[in-house]
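The block underneath contains the structure these notes are about, expressed in structure tokens.
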Amino acid sequence: MEHPSAGKAFRLLPWLCFLPFLALFVGVFHGPLRKMIGTWGADDSNYCYFIPPAVAYLIWESRARWQSVPACPSWMGFLPVCLGFLFFWLGELSGEFYTLYLAAWLVAVGYAWTWIGWPRMKRLAFPVLFSLSMLPFPSFVSTNLTLRLKLISSWLGVRSLQVLGMSAYREGNVIDLGFTKLQVVDACSGLRFFLPIVVLSLLLAYYYKAAWWKRTALVLMSVPISIVTNGFRIALTGILYQYVGAQAAEGFLHDFQGWLIFMVTLGILVSVMLFLKRLFPEGMEVRAPEPVRDANLPSQAPPGPETGIFPGAAALILLAATLILVQKVDFRENTPIARPFKNFPSRIGYWEGSRSSMGKAYLDALYFSDYAMIRFRNPQGREIHLYTAYYASQSKGKSIHTPDSCLPGGGWVFEEAGVSSFPVAGAPGDRIRVKRALMTRDGGKSLAYYWFPQRGRVLTDLFQLKLYVFWDALTRRRTDGALVRLITPVYESERPEDADARLQGFTREIVPILSQFIPR
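The sequence shown begins at 138 in the numbering used here and counts up by one.
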């Protein structure tokens, strides 16, 4: 028979182990956690501040459910802990913060699982999974999502204005009202209340006492409802503009429109709940009652310390080992550029170039080791803008920024995007693959090529870039790499195919030259 003091000691053991876990967890993840909380301050992510208290309330509110089953330490919780550390090293070596956020979540959840076991963890499933909503999206995901929402919202806004009898036309994310032009900027994309509405729909579905398909329908409906209502907001801005001028698109009136549309969207979601309840009544459906532990019946005795301590202790050992490796081992060696870009020729064939430089704000934000910006012009007056940047070492927050995110952030709208391949002497296999984007901005068209020379490889995809940075940091202790971007206007007298021919010819000229500057 187990001595009563042994059971009491086991119940105190998780709390005694919590302090060393917290210290080690903060030691390993303090950088990503500080970055994540700092990201919450952005306008599109400030709803994340409400997620931790909401999760705490959900756990407290459901305490009767999860306390009705005894804690049962389990090695199953060690699996998400191990997966979390795999994600940690993937994010740490590749420089991807979202992977590190996910790693911290997996380690924290897995450690709790090792102590409380699956029966309790299953009853905490919704609060645990809901806490994922406080992880900000990677920048390239949020940028692409913002771009798509801007295009959809501007199209809906124009259609609404046309239905109301107003003259409105759209070009990209610019709405021409005749008397003025409205640009659908990031703040009007709808992302700012699209994500909070989806999060709120999850909470509404959780408290909605109905069949699972009704809850699922409610969450899915939140996506088109939030997009459509934001389109109406843009239409409302266009209507008010002719009466109050620019104040309709800025300041208090603009913010009030956003708040009003948010409340209208929330009201529509509640109406959907009532509609589903009325149209599809639950009838005489009988639900199985939630099991509740009878205080008068003996509960299952918890495992003794000799069986319960090992999963949690193993997680602590992994945390400690990771902290030591992070502090003591440098997986990135600075690889200097072969030749500084200031020596890059400003005359290539019949192309004459003029150099330009970046402002200090951009230099501080991009963290490259060296760069070149040169505008080349041929005898016919056609231009190609060359930008190349070299990174001697890539790490968290200090890695290559893909043009997939930067160009849309500068107002460019991608009409076409894909990968193009053509023969180039001096490239690996005498052929090069580049990312190709046909873009519009302010009524003009341009064509862009860009690629990533990375330690003897030529990459075009951000995921490839991150995976190879991780692998080469692990196996070669190298994370250096470069970005090469070419942009040429598509002139009124030519087709996109002519711009393609111009960029392909220029690429064949500069690839052998770039190989003298970028280490292989």
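We put the beta carbon where it would ideally sit given N, CA and C, even for glycine.
Computed from a predicted structure; not experimentally measured.
Beyond the five residues adjoining it in sequence on each side, phenylalanine 643 comes within less than 6 Å, by CB distance, of Ile521 in the same chain, given in chain order.
Within the stretch 576-652, the complete beta strand (DSSP E) runs of at least 3 residues fall at 581-591, 594-596, 618-626. Between the stretch 241-261 and the stretch 161-170 there are three or more C-beta pairs closer than 8 Å, enough to call the two in contact. Secondary structure at alanine 191: helix, using DSSP grouped into helix, strand and coil. Using a Cβ-Cβ distance cut-off of 8 Å, the stretch 257-264 and the stretch 193-201 are in contact, since at least three pairs of beta carbons, one from each stretch, lie closer than that value. The three-state reading of DSSP puts arginine 512 in strand, counting E and B together. DSSP, read as helix, strand or coil, puts threonine 525 in strand.
C-alpha of leucine 623 to C-alpha of tyrosine 586: approximately 5 Å in a straight line.
For the stretch 450-524, the continuous alpha helix (DSSP H) assignments of 4+ residues that do not extend past its boundaries occur at 497-503, in sequence order. Scanning its chain for C-beta atoms nearer than 8 Å, with the 5 sequence neighbours on each side dropped, one finds around proline 333 the residues Tyr184, Phe399, in chain order.
Secondary structure at lysine 535: strand, using DSSP grouped into helix, strand and coil. Between phenylalanine 589 and leucine 602, the alpha-carbon positions lie close to 8 Å from each other. Proline 361 has its alpha-carbon roughly 14 Å from the corresponding atom of serine 291.
Non-local beta-carbon contacts of tryptophan 255 in its own chain, meaning distances under 7 Å to residues more than five positions away in sequence, involve Ser211, Met213 in chain order. By the C-beta density criterion, isoleucine 461 is exposed, having fewer than 16 other C-beta atoms within 10 angstroms. Straight-line measurement puts the Cα of glycine 449 at about 10 Å from the Cα of phenylalanine 155. The count of Cβ pairs closer than 8 Å, one atom from the stretch 626-636 and one from the stretch 603-615, stays below three, leaving the stretches out of contact. Looking only at Pro157, Leu237, Phe513, the smallest Cα-Cα distance to arginine 484 is reached by Phe513. Around the Cβ of serine 182, a 10 Å sphere holds 16 or more other Cβ atoms; the residue is buried. Sequence-distant partners of threonine 366 (beyond 5 residues in either direction) whose C-beta falls short of 8 Å from its own C-beta, in its chain, are Ile398, Val401, Thr402, Ile405. In this structure, the beta-carbon distance from phenylalanine 234 to glycine 534 falls below 9 Å.
Assignment of lysine 572 by DSSP, reduced to helix, strand and coil, places it in the strand class.
Around the C-beta of phenylalanine 412, fewer than 16 other C-beta atoms lie within 10 Å, and the residue is accordingly described as exposed. Cβ-Cβ separation between arginine 329 and alanine 342: approximately 22 Å, too far for a contact (criterion under 8 Å). Buried is the label assigned to proline 273, since at least 16 other Cβ atoms lie within 10 Å of its Cβ.
The distance from the Cβ of arginine 469 to that of arginine 657 is about 18 Å, inconsistent with a contact at the 8 Å cut-off. Under DSSP, proline 560 shares a beta bridge with Arg568. Alanine 554 sits in a strand when the DSSP states are folded into three classes. For lysine 259, the enclosing alpha helix (DSSP H) covers residues 234-260.
For alanine 201, the uninterrupted alpha helix (DSSP H) run begins and ends at 200-203, by DSSP.
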